[in-house]
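Peer 1: Take a look at this one; I'll ask things after.
Numbering (UniProt numbering), first residue to last: 1 to 129.
Shown next, in the form of structure tokens:
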């Protein structure tokens, strides 16, 4: 483990840690990354169905940001109706070890250790957002 991710006197945004947070931060980016890792290629509506709780507008914004950051590739096919597919770039795939570590951390530190009512209410609260 590194001594510190943010050396004293350096702004968080000017560090590798800050940059990583800016690229993967947000409610849905890691979820989109997960779905594309699992399915290789997906269309907008497939991602929407997989995520479920995201609006079409928010999904479009997230996809544009991720494309601008070089994490995903957008391939448009010239046909009617229009067909667009999204897939991970090599740069996006380089985040998969981080995604796997997050999954592992969640499995090891989930709410299962809380009393049933506490865990249930926390999960219900999170699901209602």
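Glycine included, C-beta positions come from ideal geometry on N, C-alpha and C.
Once the 5 residues before and after residue 17 are set aside, which same chain residues still bring their CB inside 7 Å of it?
Peer 2: Counted from its first residue, the chain shown places residue 17 at position 17. Closer than 7 Å at the Cβ level, and outside the excluded window around residue 17, lie 5 and 6.
Peer 1: Would you mind listing the beta strand (DSSP E) stretches within the UniProt domain "HTH hxlR-type" (5-114) that are 3+ residues and don't spill past its ends, in chain order?
Peer 2: Within the UniProt domain "HTH hxlR-type" (5-114), the complete beta strand (DSSP E) runs of at least 3 residues are 41-43, 72-77 and 83-88.
Peer 1: Would you say residue 39 lies against chain B (beta-carbon separation less than 8 Å)?
Peer 2: Among the protein chains of the structure shown there is no chain B, as only one such chain exists.
Peer 1: Using the beta-carbon count (16 or more within 10 Å), is residue 98 buried or exposed?
Peer 2: The count along the chain shown starts at 1 and reaches residue 98 at position 98. Answer is exposed; the Cβ neighbour count stays below 16.
Peer 1: Do you know offhand how far residue 94's Cα is from residue 88's?
Peer 2: Working through the chain shown from its first residue, we reach residue 94 at position 94. Working through the chain shown from its first residue, we reach residue 88 at position 88. The straight-line gap from Cα to Cα measures roughly 9 Å.
Peer 1: Does the separation of the CB atoms of residue 74 and residue 65 fall below 8 Å?
Peer 2: For the purposes of this step, residue 74 is identified with residue 74 of the chain shown, where counting begins at 1. For the purposes of this step, residue 65 is identified with residue 65 of the chain shown, where counting begins at 1. Contact flag unset, no.
Peer 1: By Cβ distance below 7 Å, which residues in the same chain neighbour residue 26 in space, the five residues on each side in sequence not counted?
Peer 2: What you label residue 26 is simply residue 26 of the chain shown in a count that begins at 1. Cβ within range, chain order: 62.
Peer 1: Under 7 Å Cβ to Cβ from residue 141, same chain only, skipping five residues before and after it: list those, please.
Peer 2: Here the chain has residues from 1 to 129 only, and residue 141 is not among them.
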